[in-house]
Structure formats: C-alpha cells, structure tokens
Amino acid sequence: MPAIATDRAWTGLVLAGGRSSRMGRDKAALVWHGKSLLRHMIDMLCLAGAAKVVVSGDYPEYGGIPDVEHDLGPLGGLASVAAVLPDGPLLVVPVDMPMLSVDALRRLVATGARCACFHGHMLPLRLQLDSRVRDWLATALRLPQAGRSLHALHAAQGGIQLALPDGAVSWLCNLNTPEQWREAAG
C-alpha cells in the first residue's frame, strides 16, 4: 500500500464488517440507486477526494480487511484496518449512511484536525492515523464494551465537533432496519 505523502492526500475507510443483525441481511449488498451500498460509499469517498479507499469487512472483491477480532463494533474494524495502513489522514464512513453529502465529507477532511466529526454524530469521522491512535485502540479493545466506543476515541484524540451543515438531519441517518431502508429508498 502506498504511503500517504502529504496532508492533502487522505484515505477513505468504509466500515462494513458488522453483522447487519437489525437489517436481517448484509447491508453492504443492498442496492442503492443501481449499485451496492458498499460500492456507493466507496464511490462517494472517491468523489470527496480520497487518494485511496479501503473496506473494513470480509469483502475480498473490494480488497476488504476482515476484523481480526469479531463483535467489537466499529473500533474492531478500525483497529484491523489501522494495523495495515500507513500513518496519515483517514476519513471513516459507515456503509449504511448512503445519503451523506460529498461536500460535508470534504469539509471534515479540510479541518486538518486530529479527530473531527459533526456535532452529535461520531460518523463520519476524520482521524489522523498514527501510533497514538493505534496504541489507544489496542488498549481500548481490551476494555469492557462501555469503554470501547467512537466517543471514547474522539475524546482521547482531542476531537472537535463541527456545526451541522444545512440538511444534515437527512444525510446523517443510518439505515439499520428494513423499515428505515424502505423509507429512505422509497
């Protein structure tokens, strides 16, 4: 994998390693505007300017990086990917947030912050991947579930929260259930 040479180059990460238990089937394979949700999210990160996009989850057709340890939530996926990526800016999106705005993703990346998200929402998340983050992840994954969260990561990295852009209520929706999916895709 090529190293990220400057702060202008960044890597996109799609978190797609969950069990999709509330949806009842693999969310990444759901079709959104003619393509899989996973493909849609990869394309969105590319449109936002990612130099590279990686997938957290067992998706060999996309070069996916399976979780080393299962059932650890987003941090488990992030830790598995962080172990193989070089240091540099990382923009993390969930696979189940298809209405995200490309402009908002660009805004997160442009902050240059060590860690940034939109007010009240941990994802999408801009994160400066380095040894400090990797060390924190290694420690956090050994904690009980209550101690291993994106909120805790954000706090430990001195994260900032950006004001919500216009229209954010609609594009920050996770589609976790068949009902939510039908409503959004309808």
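The sequence shown begins at 152 in my numbering and counts up by one. All residues carry an ideal CB built from backbone N, CA and C; glycine is no exception.
Residue i burial status per 10 Å Cβ neighbour count (16 or more: buried)
i: R283; result: exposed
i: A264; result: buried
i: L198; result: exposed
i: V320; result: exposed
i: L304; result: buried
Own chain residues within Cβ distance below 7 Å of residue i, not counting five before or after
i: L280; result: A233, L236, D238, G239 and L241
i: H272; result: L323
i: Q312; result: C268, F269 and H270
i: L288; result: L226, L229, A230 and A233
Rounded straight-line distance, which links the Cα of residue j to that of residue i
i: R258; j: G208; result: 26 Å
i: C266; j: A255; result: 15 Å
i: P217; j: A307; result: 25 Å
i: L278; j: D286; result: 14 Å
i: S187; j: S252; result: 18 Å
i: D177; j: L315; result: 29 Å
i: A160; j: M195; result: 16 Å
Test item: CB-CB of residue i and residue j under 8 Å
i: Y349; j: A230; result: For residue 349 there is no data in the structure shown, the boundaries of the chain being 152 and 337.
i: V219; j: Y213; result: no
i: P245; j: L166; result: yes
i: A202; j: T262; result: no
i: W183; j: P275; result: no
i: L164; j: V260; result: no
Neighbourhood of residue i by C-beta distance below 8 Å, restricted to the same chain and skipping five residues each side
i: L292; result: E220, L223, L226, G227, A230 and R299
i: G318; result: S252
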